[in-house]
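In full-length UniProt numbering, the protein residues as written are 1 to 78.
Reading through the structure tokens given below for one structure.
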């Protein structure tokens, strides 16, 4: 299995999952992995025009990202 490197960060010499990725994955668990990968790299007005990964890299509030993921889940389940 392969994992996209963009979802990880090195902290104190240890590789960990970026803050927010797990919340996005949890909210979108019913979607296929390609859909989630595309969404992580797609700019969103709800995120000030940033992609979710850019949002995480900038250290913006994880709660906003979690709410955005819930909105996506609702929209994709229609």
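For each residue, glycine too, the CB sits at the ideal point set by N, CA and C.
From a predicted model like this one, the values you see are computed outputs, not experimental measurements.
Handout entry: For residue 11, the three-state DSSP class (helix, strand or coil)
Key = strand
Practice task
Could you tell me which residues DSSP pairs with residue 17 in its beta bridges?
Solution key: 8
Handout entry: Simplified DSSP assignment, three categories, for residue 50
Key = strand
Exercise for the section: Going by CA-CA distance only, name the one from 32, 9, 56, 78 that's closest to residue 43. Expected result: 56
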